[in-house]
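Asks: Protein sequences appear in the order of chains A and B. The numbering used here puts the first residue of the first sequence at 928, with every later residue one more than the last. The numbering used here puts the first residue of the second sequence at 512, with every later residue one more than the last. The C-beta atom is built at its ideal place from N, Cα and C for all residues, glycine as well. Dropping the structure in here first, questions after.
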Amino acid sequence: MRKITFPHMGELRIPVKALIQELGQEALEPPKISKKTLDLGVQYSPEFACLPLKINLGNFIEALEMGADTIIMGGGCGPCRFGFYGEVQQELLREMGYQFEMLVLEPDLLEDYRRLKQVFGRVNCRKIARAIYLAIKKLRALDSIYKMVLSGRASEKVEGEVDRLYDHFLEQLDLATERARINQLHKEYSNLIKATAGPLKKGVEINIGVLGEIYLIIESFVNLNIEKKLGQLGVIVRREINMSSWLAHFLHLSNEMKLIEKAARGYLRNFIGGHGLDTIGNTVRYARKGYDGIIQVAPFTCMPEIIAQTILPAVSVREGIPVLSLIFDEHTADAGLNTRLEAFVDLLTRKKRKQLEGSIYHEQVLSGG
Amino acid sequence: MSKYYLGVDVGSVSTNIAVLDPFGNFVDKVYLRTRGKPVQVIKEGLRLIQERHNDLEVGGIGSTGSGRKLAGVMLGADVIKNEITTHAVAAAHLLSGVKTVIEIGGQDSKIIILQEGIPVDFAMNSVCAAGTGSFLDQQAARLDIPIEEFGDYALQAANPVRIAGRCSVFAESDMIHKQQLGHELPEIIAGLCQAMVRNYLNNVAKGKDIKKPVVFQGGVAANVGIKQAFERELDCPVIIPDNHDVMGAIGTALLAREEVLRKKQQKSKFKGFTVTDFDFTSNSFECEGCPNQCEIVNIYQNEELIARWGARCPRWEAV
């Protein structure tokens, strides 16, 4: 039996592990991303590669040390450099003397199927269907519950309650092997999270849309827990970029991209790789939905997001929505991030309070009160 | 008896305290060098305030600056606020209608854009400390000129030389080079001021719409050379508030006042001027729970643990 490993990206480990196990192989989850992972990745990576390459490489090294013999990695065909990272990492790891087989999944379903068959051997169709079904089921439960966490933190009665529940949920979901159990967990934990709701911590409702490069958005280790920090500051985080939405787009099951392209018109008309176009289009859409602010996150040297960043000031002015761009690399420190987040949230809160007070004043004047 | 409000700004280079009257008007200030000993300097500052104003009744106290958390737990602050918000609040309070705030402190510089008294956009230097107070301090020391006179030298220059301002290391070697070519000191200093301002406008203020009135605050605003360079580049007058060096402290005192009044709080959380007699100590250790090896810091007040930070996970949350 093979020992198959994969890079970490948020809680993607849960559905990926389910998939590998259901297909009859052993899933070897790399250790949780830590400072050690980052140090290893930085040490063996080219300096100007972006953070995802470095962390992935750190994951692989740690997993290979634990005895993994096969790596599954995502690919792509540009303009974002990520598409080539699998190949680069393969070279780097071989130079370091590791023996392994690497499977890079490209946006070509037939070719992927052929490659997967090489790794997993002959598996009957029913088993494949069940494995994919179970993995997607877990993924969707995961993203659905996390969406509740993102808004729930802003109004939890006991500080940290929502995160405690989420951690329990993850543990249980990881162990689940039946469809019914996943459904049950989904229902149970959405009720539990709903029950934590009290009044908004801030007194006013502040909605911030988080946009940018998908790995940085999803992986909380590299974004220094930005969504949790925002939640603790009493903000409702609106984030629609997750693995479910990515998968829907990848399989051409969603019309999201059409809406994004339409909204971005007037600012950007081309696909510029990664989520660059999404960042522009969604900033426009979120502004029109009435969100209070946008935070763009991206790794240092990220080409698509740098292009988006230079367009954002114009979008911000014309659509009337404040935007904060944050660039992360291995040198980014917690203190600087906290100061910026706090200041941004203060800015939005003061603006909102003034708007609300203004309208109350207006009503009083009109009603003669 | 009327209640006064205190603001404490613990920065990388200086620690400042501002005193406001019950209506939020400025009363007094203390400006001290932090010298890497924040706890000692905070106590020293409070002692000075107490000496000057006997029996001052404190209605609220706020902290800000990079040491805001430490000052907050030490003193029992009603608000602990980041320096961007506090600078914006102070500027808008002193000059209604201000549209741009330029703030250059010891190790950071920022720009804040306001509309109708509310900050709508801001930026902070992220990768580079060129043009901040520490660098100017260092250069003044190297040239053997007191930092207070640094700006005056710049004003004497007829033909400022062009200094590379992209990076403080290059700026320094370029200055040495220009000195060795035989340029006069005032011309080099004026050139440095211009380079700093260009660096600020191209990095920190990049893409921001700078509108009048412009307020310049922070320790570096005392430097007339930098002020003049800003006025030339922006082609508009730059206003320097009387208390430009303690604006952060004023801002957080105003926020403390707002907080106490908004919550109709009867009593401030301030521990009182007796904190100057308390013994504050800290120690740190490396957690061995996981490969992150977080450095956990414990803060003790008279040997009792009052705060702890530095962890990535909730393991050390409970005090």
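Under 8 Å by Cβ, that's how I've got Ala651 (chain B) and Phe661 (chain B) pegged, so tell me the actual separation to the nearest angstrom.
Replies: 5 Å
Asks: For Tyr1218 (chain A), which option in A:Leu1204, A:Ile1234, A:Lys1155 and A:Gly1247 has the closest C-alpha, if you only look at C-alpha atoms?
Replies: Of the candidates A:Leu1204, A:Ile1234, A:Lys1155 and A:Gly1247, the one whose C-alpha sits nearest the C-alpha of Tyr1218 (chain A) is A:Gly1247.
Asks: How big is the Cα-Cα spacing for Ser1171 (chain A) and Leu1178 (chain A)?
Replies: About 11 Å.
Asks: Measure how close the beta-carbons of Leu1138 (chain A) and Asp1035 (chain A) come, nearest whole angstrom, since I'm counting them as under 8 Å.
Replies: The Cβ separation is near 28 Å, so there is no contact.
Asks: So if DSSP puts Lys540 (chain B) in a beta bridge, which residue, or which two residues, is it bridged to?
Replies: B:Ala529
Asks: Whole angstroms is fine: what's the gap from Arg1042 (chain A)'s alpha carbon to Met1029 (chain A)'s?
Replies: 10 Å
Asks: Helix, strand or coil, according to DSSP, for Met993 (chain A) in the structure here?
Replies: Three-state result, Met993 (chain A): coil.
Asks: Chain B beta carbons: is any one of them nearer than 9 Å to that of Arg1277 (chain A)?
Replies: yes
Asks: If you measure beta-carbon to beta-carbon, which residues of the segment 1087-1118 of chain A are closer than 9 Å to chain B?
Replies: Gly1087, Asp1090 and Arg1091
Asks: Would you say Pro533 (chain B) lies against chain A (beta-carbon separation less than 9 Å)?
Replies: no
Asks: Hey, is Ala706 (chain B) close to the ligand PLP, as in C-beta under 8 Å from one of its heavy atoms?
Replies: The ligand PLP is not part of this structure, which contains no ligands at all.
Asks: Just by C-beta distance, which residues in the segment 620-633 of chain B are closer than 7 Å to chain A?
Replies: Ile629, Pro630, Val631, Asp632 and Phe633
Asks: Can you pull out the residues from the segment 1195-1208 of chain A whose beta carbon lies closer than 9 Å to at least one beta carbon of chain B?
Replies: none
Asks: Between which two residues does the alpha helix (DSSP H) carrying Asn710 (chain B) extend?
Replies: Leu696 to Asn714
Asks: Can you give me the start and stop residues for the alpha helix (DSSP H) that Met1170 (chain A) sits inside?
Replies: Per DSSP, the continuous alpha helix (DSSP H) segment holding Met1170 (chain A) begins and ends at Met1170 to Phe1177.
Asks: What span of residues does the alpha helix (DSSP H) with Asp1039 (chain A) cover, start to end?
Replies: Leu1036 to Phe1047
Asks: So what's Tyr1194 (chain A) in DSSP terms, helix, strand or just coil?
Replies: coil
Asks: Under 6 Å Cβ to Cβ from His755 (chain B), same chain only, skipping five residues before and after it: list those, please.
Replies: If we look at His755 (chain B) and ignore the five residues flanking it on each side, its Cβ neighbours are Gln728 and Ala732.
Asks: If you run the structure through DSSP and keep just helix, strand and coil, what is Lys780 (chain B)?
Replies: coil
Asks: Please classify Glu1269 (chain A) as buried or exposed, where buried requires at least 16 other C-beta atoms within 10 Å of its C-beta.
Replies: buried
Asks: Does the Cβ-Cβ distance between Ile832 (chain B) and Thr526 (chain B) come in under 9 Å?
Replies: Past the edges of chain B, shown from 512 to 830, lies residue 832 (chain B), and the structure says nothing about it.
Asks: Pop quiz: Val1242 (chain A) and Ile1207 (chain A) are said to be a contact at Cβ under 8 Å. What is the actual Cβ separation, rounded to whole angstroms?
Replies: 6 Å
Asks: Strictly below 8 Å CB to CB, what residues from chain A border Ser574 (chain B)?
Replies: What Ser574 (chain B) touches in chain A: nothing, since even the nearest Cβ is about 13 Å away.
Asks: Name the residue from B:Lys592, B:Leu557 and B:Ser684 whose alpha carbon lies nearest to the alpha carbon of Glu769 (chain B).
Replies: B:Lys592
Asks: Nearest to Gly968 (chain A) by CA position, among A:Phe1027, A:Glu949 and A:Leu984, is which residue?
Replies: Cα-wise, what sits closest to Gly968 (chain A) is A:Leu984.
Asks: For Val715 (chain B) versus Cys747 (chain B), is the C-beta distance shorter than 9 Å?
Replies: no
Asks: Hey, is Arg1267 (chain A)'s beta-carbon within less than 9 Å of any beta-carbon in chain B?
Replies: Output row for Arg1267 (chain A): interface = yes.
Asks: Can you check whether the C-beta of Pro657 (chain B) is within less than 9 Å of a C-beta belonging to chain A?
Replies: no
Asks: So which of B:Ala588, B:Lys738, B:Lys722 and B:Gly578 has the shortest CA-CA distance to Thr611 (chain B)?
Replies: Closest by alpha carbon: B:Lys722.
Asks: Using a Cβ-Cβ distance under 9 Å, would Gly547 (chain B) count as near chain A?
Replies: no
Asks: Give me the chain A residues within the contact set of Thr785 (chain B), using Cβ-Cβ distance strictly less than 8 Å, ordered along the chain.
Replies: Ordered by position in chain A, no residue passes the 8 Å Cβ test against Thr785 (chain B), which lies about 30 Å from the chain.
Asks: Using the Cα positions of Glu1290 (chain A) and Gly1130 (chain A), report the straight-line distance between them to the nearest angstrom.
Replies: Residue confidence for Glu1290 (chain A) is low, a pLDDT of 44 falling below 50, so the modelled location carries little weight and cannot support an answer.
Asks: So, for Phe784 (chain B): in the same chain, excluding its five sequence neighbours on each side, which residues have a beta-carbon less than 7 Å away from its beta-carbon?
Replies: Leu557 and Gln561
Asks: Provide the residue(s) that pair with Val808 (chain B) in DSSP beta bridges, ordered along the chain.
Replies: B:Ser795 and B:Trp820
Asks: List, in order along the chain, the chain A residues whose C-beta lies closer than 8 Å to that of Asn527 (chain B)?
Replies: Result: empty, since nearest Cβ-Cβ is about 18 Å, beyond 8 Å.
Asks: Checking the sheet assignment: what are the DSSP bridge partners for Lys621 (chain B)?
Replies: B:Glu614 and B:Met635
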